[in-house]
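Using UniProt numbering, read the sequence shown as starting at 1 and increasing by one per residue. We treat Cβ as the ideally placed atom computed from N, Cα and C, and that holds for glycine.
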Amino acid sequence: MAAVALRSCRRGLSQIFTNGGLSALTTPLLKVDRRHKSTVQHASRPDLPKLAYRRVKGKSPGVVFLPGYGSNMNGQKGEALEEFCRSLGHSCLRFDYTGHGASEGVLAEGTIGTWKKDVLFVLDELVEGPQILVGSSIGGWLMLLAAIARPEKTAALVGISTAADQIVTSFNSLPLETRKEFEEKGEWMVPTKHSEEGFYKFNMDFLREAENHCVLQSPIPITCPVRLIHGLKDEDVPWHISMQVAERILSPDVDVILRRQGQHRMSEKDDIKLMVYTIDDLIDKLTTMV
Numbered sequence: 001m002a003a004v005a006l007r008s009c010r011r012g013l014s015q016i017f018t019n020g021g022l023s024a025l026t027t028p029l030l031k032v033d034r035r036h037k038s039t040v041q042h043a044s045r046p047d048l049p050k051l052a053y054r055r056v057k058g059k060s061p062g063v064v065f066l067p068g069y070g071s072n073m074n075g076q077k078g079e080a081l082e083e084f085c086r087s088l089g090h091s092c093l094r095f096d097y098t099g100h101g102a103s104e105g106v107l108a109e110g111t112i113g114t115w116k117k118d119v120l121f122v123l124d125e126l127v128e129g130p131q132i133l134v135g136s137s138i139g140g141w142l143m144l145l146a147a148i149a150r151p152e153k154t155a156a157l158v159g160i161s162t163a164a165d166q167i168v169t170s171f172n173s174l175p176l177e178t179r180k181e182f183e184e185k186g187e188w189m190v191p192t193k194h195s196e197e198g199f200y201k202f203n204m205d206f207l208r209e210a211e212n213h214c215v216l217q218s219p220i221p222i223t224c225p226v227r228l229i230h231g232l233k234d235e236d237v238p239w240h241i242s243m244q245v246a247e248r249i250l251s252p253d254v255d256v257i258l259r260r261q262g263q264h265r266m267s268e269k270d271d272i273k274l275m276v277y278t279i280d281d282l283i284d285k286l287t288t289m290v
């Protein structure tokens, strides 16, 4: 496992964190200046729900944030990324999948394929040039699918608690009798502390469709730089999934960064600093490559 070197002073990032800019990462974690926050826009698509997004224009490579299941673009990581990109003059786009946040559609009717189409639409229609895709949880799975489908639009990947194949793997690891019970009911109730209801509900059609998008059974044809950040205390997506992703990706430039105290959402101040430093290091690498 390779280690990533994070150069904190190249663009004065240590000053950004302590003097304005990302100093908002002190408690309370994010006090984003609303005067400079991007406005919500809606992208129309023929015969498909409108997608809500926030965009900051700037230099390349840009950054696109892919949130987790049931989450939205206005979380701590998404807002920190926008503020970071704005401070450096790089473009940034964050958006809500179909059925999430301010986008149209119904969450329960969405599938991995639905949200993959959302990501591809963003890359094809809403951004210019290659992007650094930053995917959180299921967004990490979607960033892999997008990178495979749009290699020319993918400059690098940063996965945070990457949940590649996780929903399918978790269901298939259940005892046979338990799986049969859920199949007879037609839905699977997954306990979680990240939902007001205390569980996520997945129907069998969702699981069967998700199987079509699994990536861990064979080499993953991605050749750009990849960074995978994962917490050892993640109770939702085991950290070894990031190790499996790293082993299967064909790129020679893959680093796994494990945080001993990190949990699933990786939204503590130091977690977000690590994410930002990792992206800054990639921007440096991408802009200095001959």
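C-beta atoms of residue i and residue j nearer than 8 Å
{"i": "TRP141", "j": "ASP118", "result": "no"}
{"i": "MET73", "j": "ARG45", "result": "no"}
{"i": "MET266", "j": "GLY231", "result": "yes"}
{"i": "VAL63", "j": "HIS42", "result": "no"}
{"i": "LEU133", "j": "ALA147", "result": "yes"}
{"i": "HIS213", "j": "ILE112", "result": "yes"}
{"i": "GLN131", "j": "LYS153", "result": "yes"}
{"i": "SER195", "j": "GLY105", "result": "no"}
{"i": "VAL168", "j": "GLU125", "result": "no"}
Cβ shell of residue i (< 6 Å), same chain only, five flanking positions each side left out
{"i": "LYS201", "result": "GLU187, MET189"}
{"i": "PRO28", "result": "Note that PRO28 has pLDDT 36, beneath the 50 cutoff, so the model's placement of it is unreliable and the number below is only indicative. Around PRO28: no qualifying Cβ."}
{"i": "THR114", "result": "THR98"}
{"i": "HIS100", "result": "ASN72"}
{"i": "ASP96", "result": "ALA52, ASN72, MET73, ALA102, SER103"}
{"i": "MET275", "result": "none"}
{"i": "PRO59", "result": "Residue identity differs from the one stated: residue 59 is Lys in this sequence, not Pro. Within the same chain, LYS59 has close Cβ partners GLY89, HIS90."}
{"i": "VAL290", "result": "Below a pLDDT of 50, predicted positions are generally treated as unreliable, and VAL290, at 44, falls in that range; no measurement from the model is reported."}
{"i": "ILE283", "result": "none"}
{"i": "GLY129", "result": "SER60"}
{"i": "VAL254", "result": "VAL226, ALA246"}
Cβ shell of residue i (< 8 Å), same chain only, five flanking positions each side left out
{"i": "ARG248", "result": "VAL215, LEU216, SER218, PRO219, ILE220"}
{"i": "THR192", "result": "GLY198, PHE199, TYR200, ASP236"}
{"i": "SER251", "result": "ILE222, THR223, CYS224, PRO225, VAL226"}
Coarse secondary structure for residue i, derived from DSSP in three states
{"i": "TYR53", "result": "strand"}
{"i": "ARG179", "result": "helix"}
{"i": "LYS37", "result": "coil"}
{"i": "ILE272", "result": "helix"}
{"i": "LEU66", "result": "strand"}
{"i": "LEU174", "result": "coil"}
{"i": "ALA2", "result": "Residue placement at ALA2 is poorly supported in this model, since its pLDDT is 39, which falls under 50; the coordinates are not used for a value here."}
Counted within 10 angstroms of its Cβ, other Cβ atoms place residue i as buried (16 or more) or exposed
{"i": "VAL226", "result": "buried"}
{"i": "HIS240", "result": "exposed"}
{"i": "ASP280", "result": "buried"}
{"i": "VAL245", "result": "buried"}
{"i": "LEU176", "result": "exposed"}
{"i": "SER161", "result": "buried"}
{"i": "ARG86", "result": "buried"}
{"i": "SER242", "result": "buried"}
{"i": "LEU174", "result": "exposed"}
{"i": "PRO49", "result": "buried"}
C-beta neighbour in chain E for residue i, strict 8 Å
{"i": "LEU176", "result": "Within the model displayed, chain E is absent; a lone protein chain is all it includes."}
Close Cβ partners of residue i (< 7 Å) along its chain, the five nearest in sequence each way excluded
{"i": "SER38", "result": "ARG54, ARG55, VAL56, GLU82"}
{"i": "ASP271", "result": "ARG259, GLY262"}
{"i": "PRO67", "result": "MET73, GLY75, GLY78, SER136, GLY139"}
{"i": "GLU109", "result": "GLY99"}
{"i": "PHE206", "result": "THR111"}
{"i": "LYS233", "result": "GLN261, GLY262, GLN263"}
Any beta strand (DSSP E) of 3 or more consecutive residues that is wholly inside the region 77-161: Qualifying beta strand (DSSP E) stretches, in chain order: 90-95, 131-136, 154-160.
At what residue ranges does the region 182-255 contain a whole run of the beta strand (DSSP E), taking only runs of 3 or more? As far as the region 182-255 is concerned, its whole beta strand (DSSP E) runs of at least 3 residues are 187-191, 199-203, 226-231.
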